[in-house]
Amino acid sequence: MTWTNPQFLVETDWLAAHLDDPALRVLECTTILHPRPEGGYRAESGRAAWAAGHIPRSGFADLTDDLCDRASSLLYMMPPDAQMASAMARLGVGEGARVVLYDRAVNMWAARVWWMLRAVGFDGAAVLNGGWKKWTFEGRPTSTEPCAYPPARFVARPRPALFVGKGAVLAGLGQRATCILNALSEEQHRGTDGVTYGRPGRIAGSANVAARSLVDPKTHAYLSAPVLRERFAAAGALEAERVITY
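Structure (structure tokens):
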């Protein structure tokens, strides 16, 4: 399959062939969301699942601790640059590293860390197409060995425009040049699903392309580029000058 930016997505066969590359850093990014009876979610680190079995040589990038702003009451806020740099350095990510990110969901946690790395100026990361689901579906080896990547020096080069706040969203509402795109399920977007992030529904005027709808349910590999293009075009994302996702 031909992708527009193939350097940002790697296949399982490529990873299997490069696991012994000394510059490679494989990081699992799984977070587990447990619905609360009163609404919302309780976030649990996927570290225990990683410890019980993971892609050989991989480390664990924790979005519930190291990779979120500990000073915020909100989940998954981007951490300060110094915290992000320190976390990546401990995981062995530095100049010249080739990072492959994966998760046990539908690539969404891996994609989040990929974007976070982009936001601090690191472009040497890619998402494993299909993640853990595809890796194990194909019968590839797993391990329980601890990660042995040596610490590195990570220098953050912030790109603040890659994350926006409420002001940018409000300014973009109703503007043809801006597409605000909800990646949650169609039911959550419509407000008919009982599990919500505080209030049912969506940001007013936003379109919906559910992250789960973009992958093969059997392997969690992304659907073909033409199919993805069609779905994003239907939501107005391809004709917009700016896309804000949430």
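The number in my numbering is simply the position in the sequence shown, starting from 1, with 2 added. Don't be surprised by glycine CBs; every beta carbon is placed ideally from N, CA and C. Computed from a predicted model, the values in this text were never measured in an experiment.
Out of the options, state which residue places its alpha-carbon closest to the alpha-carbon of residue i.
| i | options | result |
| --- | --- | --- |
| R49 | Y104, P162, L77 and D15 | Y104 |
| G193 | W16, L76, C181 and N210 | N210 |
| D68 | G61, S75 and Q85 | Q85 |
| L172 | A163, A223, F165 and I182 | I182 |
| P58 | I246, V95 and L29 | L29 |
| G98 | S208, T6, A127 and K136 | A127 |
| I54 | S187, A154 and S145 | Reading off the sequence shown, one finds Ala at residue 54, where the question assumed Ile. Minimum Cα distance to A54 is reached at S145. |
| V157 | L119, Y43, N184 and A185 | L119 |
| R244 | A25, V166, S47 and D64 | V166 |
| S88 | R155, R38 and V102 | R155 |
Cα separation between residue i and residue j?
| i | j | result |
| --- | --- | --- |
| P143 | V217 | 23 angstroms |
| G176 | E189 | 23 angstroms |
| T198 | P82 | 27 angstroms |
| A150 | W16 | 21 angstroms |
| N109 | P8 | 16 angstroms |
| Y78 | R100 | 24 angstroms |
| F139 | G133 | 10 angstroms |
| E206 | S187 | With the sequence shown as reference, residue 206 is identified as Ala, and Glu is not the correct amino acid for it. The alpha-carbon atoms of A206 and S187 are separated by roughly 16 angstroms. |
| V12 | T4 | 12 angstroms |
| A107 | A185 | 14 angstroms |
| G200 | R233 | 27 angstroms |
| A235 | A112 | 24 angstroms |
For residue i, does the three-state DSSP call read helix, strand or coil?
| i | result |
| --- | --- |
| V129 | strand |
| L119 | helix |
| L186 | coil |
| T14 | helix |
| T66 | coil |
| V171 | helix |
| T144 | coil |
| P37 | strand |
| R114 | helix |
| A54 | helix |
| A19 | helix |
At a threshold of 7 angstroms, does residue i count as lining the ligand NAD (C-beta to nearest heavy atom)?
| i | result |
| --- | --- |
| Y104 | By its list of ligands, the structure shown contains no ligand whatsoever, and the ligand NAD lies outside what it can speak to. |
Threshold first: 4 residues or longer. Then list the alpha helix (DSSP H) segments lying entirely within the segment 193–246, N to C.
227–236
Hey, which unbroken runs of the alpha helix (DSSP H) at 4 residues or more fall wholly within the segment 70–100?
83–92
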